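Residue numbers (UniProt numbering): 1 to 528.
For glycine and all other residues, C-beta sits at the position ideal for the given N, C-alpha and C.
Remember, predicted model here, so these are calculated numbers, not experimental data.
Okay, so here's the structure we're looking at.
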Amino acid sequence: MRENKPNILVILADDLGYSDIGCFGGEISTPHIDSLAADGVRLRDFHNTPRCSPSRASLLTGLHPHQAGIGILTGDDSDDGGYRGNLNPDVLTIAEILKDAGYETAARGKWHLAADMHTPNGAWPTERGFDSFWGTLTGCGSYYRPGTLTRDLADASHEATDPGFFYTDRIAEESVSFLRNRDRDRPFFLYAPFTAPHWPLHAREATIAKYRAVYARGWDELRDERFERQISLGVLSPGTPLSERDPSVPEWANEPNKEWQIERMSVYAAMVEEMDSAVGTILNELKDQNVRENTIVVFLSDNGASADPVPLIELEYFRERLDILNQRTKDGRSVDIGNDPRVMPGGEESYQSYGRAWANLSNTPYRLYKLWAHEGGIAAPFIFSWPEGDLPTGEVIDGAFQLTHVLPTLLEAAHVNAPASLPSNSILSTLRGAEVSDPQPLWWEHCGNAAYRKGNWKLVREHGFTWELYDMSTDRSETIDVASQHPELVDELADEWRKTADSVGVIPFQKTLDIYRKRGLGWTSAVG
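Spelled out as structure tokens, the structure:
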């Protein structure tokens, strides 16, 4: 019996910037995601981790990534437990907990928590609490014919041979199929992790065409406009500064490849819009079944916008990475790999990313990107919608939170007891409008990039550099480093960061680099 337990739908975007969707200041059309904000709440100061797999591990376990076995990415194969590159078999996932509480559980989309993506093993979704799975096991790939496509434990690559196959749409279709065929006497937990808008830049021409005139105005003007909308919407606190344009990015007026740059961002925007349409497909099914009112919907992104380049490299480089790349299109054309201004992205024959300049726009008003622990790498749009959940609908909620708060919050909402090993981090009362009485410190580490947030103070560093200190009450954009003015506070926070790092199993990044070198790899050889 369901005992009126809420259904739960978690929607995860991939490499989506803080300001991309409309309800967080973006000019991209996202009416369905925006509707979640209108009948739910947004968190102004929510954080993911700096990268894909660690965020997924943290989201699904309620723990820091190293505790869940994903200190960097999948496939690290380190002897150190925090870097095993597989989801830790000794920790529980939300799917396992909810399944034990009577929920029917399903995952549709990107997994990226298993080192071995070709032979079924204990890190695959159906071995970690999901009754069913359809999607990809790898970190990224073509939207027209993605690699590692899997149904439960079986290869499903043949399903992508249909000329009309498009991954974003298919995730929605498979989600709807689950909803229609589920056991109506049980509550459900549906995890829908999209790959959009992670590169490669793939979208339909009709959607791309909507945005060319928009992005012909350039990143400088659009960044200013996003910032103004964010202040007006309340997703930024009054007085928050807009960080300077990335120093490596030219003024739009001086950009030498405008046509190509316009196309890159137009495709990216189209990917976001097409994801929003897919979200709408799922939400409409919930409404058609008259279960939307008692369904919790969480929407968030896995990390900040990505400045990843896709270099011009010969196909031989990818010989062992065919899980993320097809050498030819379905109809036999060669795929052009890399960010080449002579090649326009969007179609199946291209394989590009949108680059640092547009990622700087996506992360407005923050600086830096995915991989960093500065706000550009970890600030996430977060929406919590539950019509029957007694929420102050349409409001933007204060308080600094991170991924470790999501699982315990959902368990409390579902009246499911959390495991004793899980920290008591539920923020359900805050989402319902209560003041944050005892804010907890927040902690991050990824590839030597690190941060620690305590109250209004944030300590942050890039690997190989000294600690920086920012007052987040006035400078969440991290524009004025005040570390030299508060050396004792820096030492205190650094010591607290280190104690947490030791407790969760962090190893020095140089040791990680040494492990990669012994295997003949650069640390960026994995994709997330």
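Item: Alpha-carbon spacing of N4 relative to D491, whole angstroms; Value: 50 Å
Item: DSSP state of F497 mapped onto helix, strand, coil; Value: The question names Phe, but residue 497 is Trp in the sequence shown. Three-state result, W497: helix.
Item: Rounded separation between L36 and F384 - CA only; Value: 7 Å
Item: Three-state secondary structure (DSSP) of L300; Value: strand
Item: Option in A196, H463 and Q261 with minimal Cα separation from L361; Value: Q261
Item: Three-state secondary structure assigned by DSSP to W443; Value: strand
Item: Inter-residue Cα distance where the pair is W457 and E468; Value: 10 Å
Item: P469 in three-state terms, based on DSSP; Value: Sequence inspection shows Leu at residue 469; the Pro mentioned does not correspond to that position. In this structure, L469 counts as strand in the three-state DSSP scheme.
Item: Other residues of its chain near G448: CB distance less than 6 Å, five sequence neighbours each side excluded; Value: H463 and F509
Item: Delimiting residues of the beta strand (DSSP E) encompassing H47; Value: G40 to H47
Item: Beta-carbon contacts of Y103 that lie in its chain and below 7 Å, excluding the five residues immediately before and after; Value: R186, P187, F188 and F189
Item: Beta strand (DSSP E) segment containing E104, residue limits; Value: E104 to K110
Item: Whole-number beta carbon distance between F194 and A57, since they are thought to touch under 8 Å; Value: In fact, because the Cβ distance is near 18 Å, the residues do not count as touching under 8 Å.
Item: Spatial distance of R319 from A414 (CA atoms); Value: For R319, the predicted structure reports a pLDDT of 48, less than 50, and the residue's modelled location is therefore unreliable. A value from the coordinates is still provided. Distance between the alpha carbons of R319 and A414: 46 Å.
Item: Whether L98 touches A114 by CB criterion (9 Å); Value: no
Item: Endpoints, the alpha helix (DSSP H) within which A206 is located; Value: E205 to I208
Item: Candidates I94, P89 and F165, of which the one nearest K330 by Cα; Value: F165
Item: Given 8 Å, three or more beta-carbon pairs between the segment 168–187 and the segment 245–254; Value: no
Item: Assigned exposure category for S334 - 16 Cβ within 10 Å defines buried; Value: exposed
Item: Rounded separation between D308 and R184 - CA only; Value: 43 Å
Item: Top-ranked residue by Cα proximity to E496, from P487, T512 and Y452; Value: Y452
Item: Minimum length 4: unbroken alpha helix (DSSP H) runs contained in the segment 93–180; Value: 94–100
Item: Run of the alpha helix (DSSP H) containing N360, from where it starts to where it stops; Value: G355 to S362
Item: Residues near residue 557 by beta carbon distance below 7 Å, same chain, minus five either side; Value: Shown here, the chain extends from 1 to 528; a query on residue 557 therefore has no answer.
Item: When P423, T409, H446 and L422 are compared against L431, the one with the closest alpha-carbon; Value: T409
Item: Endpoints, the beta strand (DSSP E) within which I324 is located; Value: Run containing I324: none; DSSP gives neither H nor E here.
Item: Boundaries (first-last residue) of the beta strand (DSSP E) holding D398; Value: V396 to Q402
Item: Cβ shell of G129 (< 7 Å), same chain only, five flanking positions each side left out; Value: T93, A95, E96, K99 and T105
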